């Protein structure tokens, strides 16, 4: 079979992909072969099992944890074992890392990437096939017809279209008044000296009241017009002491896997809420204290870590930044962001 | 019709700006360099610099499934819509097929993220189609690596291709210009065989992602000569960059005469980027935006790469200020994410002293080669010997005017002399007598191009 050929060339990344893609067929293939050829499967199966176990151990040793849903990697392992049983030259480790990378799971912080050499030469060409790769270019219409754009309208939050738009001085005065209004309603206000900074909600109210500052002020309190209503529940409250503590603990445990943190520790928080809170938290003294207590922090558990991508490792290598693999890069990111006074992300 | 050369005034432009605050709440994953939060940081700077009130602000309607399948395959979009971190195991096969999982991880809210990014560019294009604004900005977009049925380089759906497809309904010719440090391969591939879209990409080439973008890649079929690639090396500075950007883009504007322009403002070409090895400052980067603003042609500006978030926010804020033609002070205004901009809290970046591997000779040759290709665009044999008609643009860039008016006792600026290419068979002595290796038409150069390109260029230059 063709697969035999590709298996022997295990240095070729393309073949891995091909093979892995057809992973579902392995069972059938094995059965077919069993019918064709009456070999002693006992040994072969034992080899497979051994190898399967060995690489699992290796996995655990290498990654220091049991994958959240072990079945996938197990499946992959046995597929791997079968291959190796047939072509004994297979570098097991290499194969594992490939599969796991594809599975978007772990190897980001591992040394495996050092073994990988990018497809050589680092050159590709544009593919031409109108069905597969090119866009189909629409006909040119001379004038704009409303009917051909069924898209729903965007929400206008502010515009200068209106001819009676006030000048800057009027807007500044209005914004100052709004700050006063906010203060009396115990809403957050900008720091002293920054009262005339553009305020999305106040400007939107002004626009929606046809630039009549009095009417606009009368409509106070303003709705939060560009709130992240998809990623944050509209009724979400700020984080309290207890949640904050869980949040810090979770970051320590799982790193910045907000999806996992939401699922395991803060199920009533949407992932977006955690991400938003994370970026605010990074500005607080509480973050600095946490950072000082966890220099070069590496999360204890990293189940969903985005896997290494080799071109980035390559880019990092050729760039002036130093790290030679993605693994280094992600550590570098943590340490620079956590050590220097500047925040990088 | 639309472009009558650059306007000399700083005319008023109506500028639309598309932003959805959800965008900052998506996260690619621990250690991933792509951080959508940078767009939120940009927005806060735009607000606090007081640029916001000079814009027209819209929250775009998210792109629908049907919107996105105008370019992307249904199978790919169905996958993006249904896969999420909790069920990814059942999508193993598709993840490989669509290249999702490695540098393009399957993160929480991915499909929504694509809808917002693409929705912004579609809305921007629609707004330009309606002629409601002169410039439309979508910093959520610019994801130029995404292919028809494949994610690539942190990009899943190609908002630029979708936006250009929308523009093409009412604009005969659309120009796409990409100043991201990476080659704009997704957009180039999508329009590789059409002459209605010209793609021009300036990028680092050689041992670098995505590996496409060779000078020799010029398009195919009807699209031949309509893909332009300017491969560069590490450490390029503002001056070097503009020395190649302006002559090439001036020629493009002249020959292609686009009815609309899309500028991808990838900020990873700035100094200090985590992935990009270029050495541009905001000024050199922003100069590209200023260049197109000076033309009276509908302009769409989108984001793109940029992996040092604070610099991305600086860059796109500065370019927003260029679009509305407002000077902004170098001192950054206080804003919600002020601490991220330490330690200096200034807008502008300093160039570093990293070596510029793009020497003048390399850049001159590159410019000449690219321009030689562009010269072929409207080349019709019967027109060959006729002077090119009057055109505000050619006046500005016509070297002969400068040569004619030059002081004979002074050496011409090298910018001019570099473009004086002599055929070896010329009998008279030009500006450079004798051996001039820089402009030699040597065998290597000739081989890089199909032979007509060289011949024609020499004829043109006689």
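Residue numbers (our numbering), protein chains in the order written: chain A, 77 to 421; chain B, 1480 to 1941. The beta-carbon is built from N, C-alpha and C at its ideal position, and this holds for glycine as well. Since we're looking at a predicted model, the values are computed, not measured.
_Residues of the segment 332-353 of chain A with Cβ closer than 9 Å to any Cβ of chain B, in chain order_ = 332, 333, 334, 335, 336, 338, 339, 346, 347, 348, 349, 350, 351, 352
*Between residue 1513 of chain B and the rest of its own chain, which residues show a CB-CB distance below 6 Å, the 5 nearest in sequence each way excluded?*
1507, 1633
*Indicate the three-state DSSP secondary structure (helix, strand or coil) for residue 1855 of chain B in the structure shown.*
coil
*Considering residue 272 of chain A, what are the terminal residues of the beta strand (DSSP E) in which it resides?*
Note, residue 272 of chain A: premise wrong, no beta strand (DSSP E); not H, not E.
*Considering only C-alpha positions, which residue in the set A:340, A:371, A:320 is nearest to residue 362 of chain A?*
A:320
*Could you tell me the boundaries of the alpha helix (DSSP H) in which residue 357 of chain A lies?*
347-357
*Does the segment 1683-1702 of chain B come close enough to the segment 1807-1816 of chain B that 3 or more CB-CB pairs lie under 8 Å?*
no
*To which residues of the same chain is residue 1792 of chain B closer than 6 Å at the C-beta, ignoring the five residues directly before and after it?*
1517, 1520, 1521, 1524
_Backbone CA spacing between residue 1497 of chain B and residue 273 of chain A [nearest angstrom]_ = 20 Å
*Under the rule that 16 or more other beta-carbon atoms within 10 Å means buried, what is residue 349 of chain A, buried or exposed?*
buried
_Neighbour-count burial assignment, residue 1609 of chain B, 16 or more Cβ in a 10 Å radius_ = exposed
*Using a Cβ cut-off of 7 Å, which residues of the segment 296-324 of chain A contact any Cβ in chain B, in chain order?*
302, 303, 304, 306, 307, 308
*What is the rounded straight-line gap between the Cα of residue 1751 of chain B and the Cα of residue 1758 of chain B?*
7 Å
_Between which two residues does the alpha helix (DSSP H) holding residue 1573 of chain B run?_
1571-1576
*Taking only beta-carbon positions, decide if residue 1626 of chain B is within less than 8 Å of chain A.*
yes
*For chain B, is any of its Cβ atoms less than 8 Å away from the one on residue 326 of chain A?*
no
_residue 1702 of chain B and residue 1835 of chain B closer than 8 Å at C-beta_ = no
*Kindly indicate if chain B contains any beta-carbon less than 8 Å away from that of residue 210 of chain A.*
yes
_Can you list, in chain order, the residues of its chain with a C-beta nearer than 6 Å to that of residue 1491 of chain B? Leave out the 5 residues immediately preceding and following it._
none
*asked:* Run through chain A and tell me which residues come within less than 9 Å of residue 1557 of chain B, C-beta to C-beta.
replied: Within chain A, no residue comes near residue 1557 of chain B; the closest Cβ sits about 17 Å away, beyond 9 Å.
*Under 9 Å Cβ-Cβ, which residues of chain B neighbour residue 289 of chain A?*
None at all; the shortest Cβ gap to chain B is about 14 Å.
*Taking only beta-carbon positions, decide if residue 1506 of chain B is within less than 8 Å of chain A.*
yes
*Quick one: which chain A residues come within Cβ less than 7 Å of residue 1651 of chain B?*
216
*Residue span of the alpha helix (DSSP H) that contains residue 326 of chain A, given as start and end*: 317-330
*asked:* Any beta carbon from chain B within less than 8 Å of residue 257 of chain A's own beta carbon?
replied: no
*Could you check the C-alpha separation between residue 1495 of chain B and residue 1597 of chain B for me, to the nearest Å?*
16 Å
_If contact is defined by three or more beta carbon pairs under 8 Å, each pair taking one atom from either stretch, is the segment 279-290 of chain A in contact with the segment 261-271 of chain A?_
no
*What span of residues does the alpha helix (DSSP H) with residue 1790 of chain B cover, start to end?*
1788-1803
*Could you work out which residue in B:1696, B:1531, B:1499 is closest to residue 1950 of chain B when comparing CA atoms only?*
Lying outside 1480 to 1941, the shown extent of chain B, residue 1950 of chain B is not represented and no answer is given.
*Rounded to whole angstroms, how far is the Cβ of residue 1716 of chain B from the Cβ of residue 1830 of chain B, which I believe are closer than 8 Å?*
6 Å
*If you run the structure through DSSP and keep just helix, strand and coil, what is residue 294 of chain A?*
helix
_For chain A, check one thing: does any of its Cβ atoms lie closer than 8 Å to the Cβ of residue 1492 of chain B?_
no
*Please determine, among A:331, A:326, A:355, the residue with the shortest C-alpha to C-alpha distance to residue 343 of chain A.*
A:326
*Please state if the CB of residue 1627 of chain B and the CB of residue 1552 of chain B are separated by a distance shorter than 8 Å.*
yes
_residue 381 of chain A - DSSP class collapsed to helix/strand/coil_ = Note that residue 381 of chain A scores a pLDDT of 34, beneath 50, so its modelled location is shaky and nothing firm can be said.
*Alpha carbon to alpha carbon, what distance is there between residue 1567 of chain B and residue 383 of chain A?*
Its pLDDT being 35, under 50, residue 383 of chain A is placed unreliably in this model, and the coordinates cannot settle the point.
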